[in-house]
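Chains S and B supply the protein sequences, listed in that same order.
To convert a position in the first sequence, counted from 1, into my numbering, add 30.
To convert a position in the second sequence, counted from 1, into my numbering, add 159.
Report on one structure; see the data block that follows.
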Amino acid sequence: MLLAVLAAGFSGCKPSAEETAADAQIIKVGEFASLTGSEASFGQSSHDGTLLAVEDINNAGGVLGKKLQLITEDDQSKDGESATAVKKLISRDKVVAILGEVASIRSIEAAQICQQYKVPQISPSSTNPKVTQTGDYIFRVCFIDPFQGTVMAQFAAKTLKAKKVALLTDVGSTYSVGLADFFKAGFIAGGGEIVAEQKFTKDDKDFKAQLTAVKTANPDAIFIPAYYGQVTLIALQARELGITVPLFGGDGWEAPELTEGPGAAEALEGCYFSTHFSPEQDSPKIKQFVAAYQKRFGSVPDAMGALGYDSVLALVDAIKRAGSSDSDKIRDALATVKNLEGVTGITTLDTNRDAQKPAVILEIKGGKFVYKETVNP
Amino acid sequence: MTEFLQQLINGVSVGSMYALIALGYTLVYGVLRFINFAHSDVFMVGAFAGMYLGRNLGQASVGGGLLVMLGAMAICAVLGMLIERFAYRPLRDRSKLSVLITAIGMSLFLENAGQLVFGPNPQPFPTTFPSRNFELGLVVVSSKDLVVFGVAVVLLAALQLLVLKTRIGTAMRATAFNPQAAALMGININHVISFTFGLGSALAAAGGILWAYKFPKIDPLMGIAPGLTAFVAAVLGGIGNIPGAALGGLLIGIIETFVKGSRWSTWSEAIAFILLIIILMFRPAGLLGETQPEKV
């Protein structure tokens with residue numbers, strides 16, 4: 031009996047012939063996302079887009095004759111968890127590449143691990159420049175905040191006709207601080223004036239103190255580069271204080287939860303934000319993607335979903351051109367991704383491993399996000 | 160001047176919620192001499208109970224809002240009594256440290272159970288009380304601020320009356336003073352302690368509902384930050400002292416608001432804690448607390 035158990039134990043250690051054969055037929059791709067927690071909407075959308083792309087690729091026969099296997103870890107929107115998730119994916123699951131995240135602070139955290147283990151990471155939608163500056167194994171398929179900040183600065187001056195703008199920044203978020211700085215530089219360069227700069231932290235729920243100070247400065251508009259959960263509360267409290275000027279922000283606003291709850295849609299009526307994609311854009315590629323996404327998940331994709339999809343396209347393109355699923359070879363091929371057509375536009379990775387893509391500005395009307403304009407780099 | 164007045168209103172509004180939560184800490188400490196760290200999570204359960212009750216309410220109205228609040232208070236009172244019965248009572252004769260650790264364990268249990276039962280993602284809180292803005296000159300007072308302040312004052316007064324004028328209040332004070340002697344006088348200590356937990360938890364639920372009404376996004380970890388601040392408020396005012404908790408809550412709320420509205424906004428919590436340290440250096444028992452000589 032004991033012998034039998036021991037024998038079984040030993041044979042279990044060695045991969046059987048079928049297992050090795052199956053392993054040879056798949057390419058393991060790791061993904062970490064904020065599937066739960068304060069930025070759950072980002073993680074869910076991004077994951078859905080990624081999953082759809084993997085399924086599409088596999089249904090079309092896979093890559094290099096192998097199927098992609100997506101292994102997903104949830105980082106619960108917590109700082110610190112993404113490093114653990116990525117370490118697990120690399121050392122236990124032996125993935126060849128990592129996809130993720132949306133929030134810049136968590137992408138940077140994971141990037142340090144990926145760079146150390148020399149596993150290429152593609153962030154679908156982290157826009158802070160520091161993400162890809164971590165090292166030469168880190169890529170992204172979206173635009174970066176210097177561009178987004180400039181776009182919103184021009185938008186404030188031209189479309190909102192704002193001369194005085196107040197800033198409200200989440201000091202605990204790399205994304206928020208970076209975007210605020212780039213916006214400020216762009217807006218001042220365009221002749222505008224920043225009349226108030228107020229700060230808050232991630233756990234804050236009460237913004238009335240900061241908003242009262244903003245109100246006293248009497249701005250024409252308020253720029254809030256923050257994530258959707260906080261923006262809803264800020265908008266509600268701003269309206270309670272009798273602040274009627276438009277609020278505007280970046281891609282961190284884009285989540286259906288933004289206008290959920292009592293009074294949220296009214297508080298945000300006529301506000302604007304910049305993002306990467308609109309399902310209303312007139313292009314056959316986008317229409318096809320929106321239809322497929324709706325069929326699979328029953329909802330309209332947002333920018334995080336679209337970028338999740340494009341991150342897989344970039345990875346597959348690199349694997350194909352590398353002709354191998356070796357991490358180092360994938361990295362080299364990723365560095366030369368050029369004119370790759372995706373749902374968020376054409377991806378060409380520059381020497382900083384960033385993409386240059388058009389930004390889309392959406393307006394909030396009746397709780398829905400309505401396409402306003404596209405700004406090209 | 161306008162800004163000053165507006166910030167004062169903002170501060171009083173947050174401060175009265177801190178005061179409500181601080182009362183729960185103080186009440187339990189007064190009777191049992193231990194800090195119930197699970198209190199801030201009962202506050203969270205109160206908000207979620209309010210969310211489920213409020214969803215069935217339909218139209219927002221003052222009566223409906225009060226109904227939701229009373230319902231949530233009843234649910235949390237039962238929860239508080241159950242926590243005391245099954246987590247704290249078996250350890251009552253052990254060292255204070257064991258109970259304290261159990262309280263921390265209970266807090267973590269409620270937070271994680273909350274993530275499992277309610278889901279970990281923030282959810283919108285339905286409107287229970289109707290809300291509108293009143294403009295007094297340049298200052299804007301939201302009906303939310305008025306409701307929060309009004310409910311806090313009423314509950315505070317009711318609590319003070321209950322503790323000082325009723326039989327059960329007398330029994331609570333007797334138990335706080337000397338549990339053994341109180342038991343010998345025929346007071347059922349278990350009932351009194353159970354009642355105290357029920358009362359404190361009901362106040363936490365009221366605080367949770369008001370918090371959710373003012374900041375309508377709730378999640379299972381929502382209690383941690385206000386719970387910590389309210390605990391500081393209770394210590395600042397003199398833990399075990401009811402008017403002290405109210406004073407501490409208001410004070411912290413107002414200071415926090417003024418700091419947040421200034422250039423040093425990210426220092427708001429640090430300044431509250433520095434203030435706590437300074438006050439405790441000069442008045443170790445808190446602002447309204449009385450130093451009692453240690454019994455030998």
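A virtual CB, placed ideally from N, CA and C, is assigned to each residue, including glycine.
State whether the segment 66–86 of chain S contacts the segment 281–288 of chain S, with contact taken as three or more CB pairs (one from each stretch) at a distance under 8 Å.
Counting Cβ pairs under 8 Å, three or more are found: they touch.
Start and end of the beta strand (DSSP E) containing residue 402(S)?
Residue 402(S) -> beta strand (DSSP E) spans 398–405.
Helix, strand or coil for residue 131(S), going by three-state DSSP, please let me know.
coil
Is any beta-carbon of chain B found at less than 7 Å from that of residue 242(S)?
yes
Alpha-carbon spacing of residue 147(S) relative to residue 120(S), whole angstroms
8 Å
Chain-ordered residues of the segment 288–299 of chain B with a beta carbon less than 8 Å from chain S
290, 292, 294, 299
Run the CB neighbour count on residue 201(S), radius 10 Å, all protein chains shown included, and call it buried at 16 or more, exposed below.
exposed
Which of the three DSSP states is assigned to residue 447(B) in this structure?
coil
List the DSSP bridge partners of residue 153(S).
170(S)
Looking at chain S, which residues of the segment 214–230 of chain B have a Cβ within less than 7 Å of any of its Cβ atoms?
So the list is empty, because no residue satisfies the distance condition.
DSSP three-state call for residue 194(B): helix, strand or coil?
coil
Under 8 Å by Cβ, that's how I've got residue 345(S) and residue 59(S) pegged, so tell me the actual separation to the nearest angstrom.
7 Å
Can you check whether the C-beta of residue 73(S) is within less than 7 Å of a C-beta belonging to chain B?
no
Got a sec: which bits of the segment 201–213 of chain S sit with their beta carbon under 7 Å from any beta carbon on chain B, in order along the chain?
201
Below 8 Å on C-beta distance, what does residue 388(B) contact in chain S?
Neighbours of residue 388(B) on chain S: none; closest Cβ ~11 Å, over 8 Å.
Contact criterion: CB-CB distance below 7 Å. Does residue 162(B) meet it with respect to chain S?
yes
Helix, strand or coil, according to DSSP, for residue 160(S) in the structure here?
helix
Which of the three DSSP states, helix, strand or coil, is assigned to residue 257(S)?
coil
Check each candidate in 299(B), 346(B), 212(B) and name the one with the smallest Cα separation from residue 271(S).
299(B)
First and last residue of the uninterrupted beta strand (DSSP E) at residue 317(S):
From DSSP, residue 317(S) is part of no beta strand (DSSP E) but of the alpha helix (DSSP H) over 314–327.
Check whether chain B comes within 7 Å of residue 233(S), counting only Cβ atoms and requiring the distance to be less than that.
yes
Sequence-distant residues of its chain with Cβ nearer than 7 Å to residue 247(S) (five each side left out)
196, 225, 226
Which parts of the segment 214–298 of chain B are runs of the alpha helix (DSSP H), unbroken and 4 residues or longer, counting only runs that do not cross its ends?
You should have 221–242, 255–276.
Counting only C-beta atoms, is residue 194(S) closer than 7 Å to chain B at any point?
By the rule that beta-carbons nearer than 7 Å mark a contact, residue 194(S) does not touch chain B.
When the distance is taken between beta carbons, is residue 431(B) closer than 7 Å to residue 413(B)?
Not in contact: residue 413(B) and residue 431(B) (Cβ atoms no closer than 7 Å).
Which parts of the segment 240–285 of chain S are runs of the alpha helix (DSSP H), unbroken and 4 residues or longer, counting only runs that do not cross its ends?
258–270
Using 10 angstroms around the beta-carbon of residue 274(S), count the other beta-carbons present and answer buried if the total reaches 16, otherwise exposed.
exposed
In whole angstroms, give me the CA-to-CA distance for residue 387(B) and residue 230(B).
25 Å
Residue 374(B) CB to nearest chain S CB: under 7 Å?
Yes, because at least one Cβ of chain S sits closer than 7 Å to the Cβ of residue 374(B).
In chain B, which residues lie less than 8 Å from residue 112(S) when you measure between Cβ atoms?
Correct list: empty, because the minimum Cβ distance to chain B is about 16 Å.
Quick check: the segment 311–322 of chain S against the segment 291–298 of chain S, are there 3 or more CB pairs under 8 Å?
The segment 311–322 of chain S makes no contact with the segment 291–298 of chain S; the number of CB pairs closer than 8 Å stays below 3.
To be precise: take each residue of the segment 280–306 of chain S, compare its Cβ to all Cβ atoms of chain B, and keep it if any distance is under 9 Å. Which residues remain?
Residues passing the 9 Å Cβ filter: 287, 290, 291, 292, 293, 294.
Cβ shell of residue 93(S) (< 7 Å), same chain only, five flanking positions each side left out
Contacts found: 57, 87, 346, 349, 350.
Smallest Cα separation from residue 422(B): which of 177(S), 97(S), 198(S), 176(S)?
The residue with the shortest Cα to Cα distance from residue 422(B) is 198(S).
Is there a Cβ of chain S sitting closer than 7 Å to that of residue 458(B), yes or no?
As displayed, chain B neither begins before 160 nor continues past 455, which places residue 458(B) out of reach and without an answer.
State the start and end residues of the unbroken beta strand (DSSP E) segment that holds residue 229(S).
223–230
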